[in-house]
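S.K.: After the structure tokens below, expect a handful of questions from me.
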Amino acid sequence: MTLDPRVKELLAAIDPAAPAPGPGADPVALRAVRRQALKDLNLPPRPVGGVMDTTLPGPGGSIPIRVYRPQQTGPHPLLVYFHGGGWVLGDLDTVDDVCRALCEVCQRVVVSVDYRLAPEHKFPAATDDALAAVRWAAVHAETLGGRAEGLAVAGDSAGGNLATVTALRVRDEGGPAIAAQVLVYPITDHDFDTPSYRLHETGYSLTRAGMMWFWEQYLARPEDADHPWASPLRTADLTGLPPALVLTAEHDPLRDEGERYADRLREAGVPVRLVRFDGMVHGFFANAAWDLPQRWTAYETVAAFLRDTGEVTP
């Protein structure tokens, strides 16, 4: 399929001179640009039952989190969410709109995690923080207004990678139990020569050069890219993992690795639902500025998947 006409317009409106991930980019400057863009957008916050900013203890110090509670009476199951941004960009504010929407559409207490970023904190810092956050949320579910039964992990892009890796680590490192994983155009490998990378090398929001730069920022050593906690597609054994929903975008360099990971899960006997969004590009799920109708379809898809796993509020 061709690009969705609205997406085509949005991509054409991007200033080609604007700072972007790639060779020579400054992570600090890119973060500042994103914060300013979000400030300029000035979106009114979507209503939820309550929002609380707090911290939890992590392996490298306190980890900021933001907790969203639905308007309806609970307790509700937990959804721990990890933002995207190539492990380099993003924070609680960049996914505030996403988490508010998921809180109400899915009827879950959403815990958004501000994990440590690269290049200041190299692999495996982000995944260590993600694991710590899930374990803390499971223990403190009642205090958060939720319940640990039915806990799910979710994330987009690099956050999808962290959700994937957290599911692997809790399987191998003693819990807690995760009932479901929601992986939105996840990073699962570091193969930059897949057909989707070659077809969508430039001009589709996320670029091949940008992803190579993100990996360079994230890793302390090139050989770390082969570690299953960095490239979960290279995990030898995927059995025993929780049911997964994998969402991909047709015109996304990461499309093939996300869909291959879904195939690998299915081959390992894990219940999987794979949904490709035709005409979409990387970022359609989490980009509040675009507010595409497919974004809401994706949120409803997440809610339906969580209902189908039998883990939504009775």
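Heads up, the sequence shown is in full-length UniProt numbering, so the first residue is 1 and it goes up one at a time. For each residue, glycine too, the CB sits at the ideal point set by N, CA and C.
Measuring only the C-alpha atoms, how far is D172 from L162?
M.R.: For the purposes of this step, residue 172 is identified with residue 172 of the sequence shown, where counting begins at 1. For the purposes of this step, residue 162 is identified with residue 162 of the sequence shown, where counting begins at 1. One C-alpha to the other measures close to 15 Å.
S.K.: Can you check whether the CB of V184 is closer than 8 Å to the CB of V7?
M.R.: For this step, residue 7 is matched to residue 7 along the sequence shown. For this step, residue 184 is matched to residue 184 along the sequence shown. For V7 and V184, no; Cβs fall outside 8 Å.
S.K.: Considering Cα atoms alone, identify which of V165, V80, T301 and P64 is closest to A148.
M.R.: Reading the sequence shown from its first residue, position 148 is the one you call residue 148. Ranking V165, V80, T301 and P64 by Cα distance to A148 puts V80 first.
S.K.: Mind the definition here: the segment 77 to 91 touches the segment 212 to 230 only if three or more C-beta pairs lie below 8 Å; say whether that holds.
M.R.: Judged by Cβ distances under 8 Å, the segment 77 to 91 makes contact with the segment 212 to 230, as three or more pairs qualify.
S.K.: Less than 8 Å between CB atoms is the rule here; does F285 satisfy it with respect to chain D?
M.R.: Absent from the structure is chain D; it holds one protein chain and no more.
S.K.: Between Q294 and R34, what straight-line distance do the alpha-carbon atoms span, to the nearest angstrom?
M.R.: Against the sequence shown, residue 294 aligns to sequence position 294. Against the sequence shown, residue 34 aligns to sequence position 34. If I take the Cα positions, the gap works out to 23 Å.
S.K.: Measuring alpha carbon to alpha carbon, tell me which of P253, F285 and P242 ends up nearest S265.
M.R.: By one-based count along the sequence shown, residue 265 stands at place 265. The question names Ser, yet the displayed sequence has Leu at residue 265. When only C-alpha atoms are compared, the closest one is P242.
S.K.: Classify T248 as helix, strand or coil using the three-state DSSP reduction.
M.R.: What you label residue 248 is simply residue 248 of the sequence shown in a count that begins at 1. It is a strand residue.
S.K.: Counting C-beta neighbours from all protein chains within 10 Å, is the total for N287 16 or more, i.e. buried, or is it exposed?
M.R.: Start at 1 with the first residue of the sequence shown, and residue 287 comes out as number 287. Burial call: buried.
S.K.: What residues in its chain sit with their C-beta under 6 Å from that of T166, if we drop five residues either side in the sequence?
M.R.: Counting from one through the sequence shown, the residue named residue 166 turns up at place 166. Excluding residues within five positions, the ones whose Cβ falls inside 6 Å are A130, L131, V134 and V153.
S.K.: Go through its chain and collect everything with a Cβ distance to R116's Cβ below 7 Å, but skip five positions before and after it.
M.R.: Position 116 of the sequence shown holds residue 116. Closer than 7 Å at Cβ, skipping near neighbours: G60, A125, A126 and D129.
S.K.: For L306, which of helix, strand or coil comes out of DSSP?
M.R.: Here the question's residue 306 lines up with position 306 in the sequence shown. In the structure shown, L306 sits in a helix (DSSP, three-state: H, G or I).
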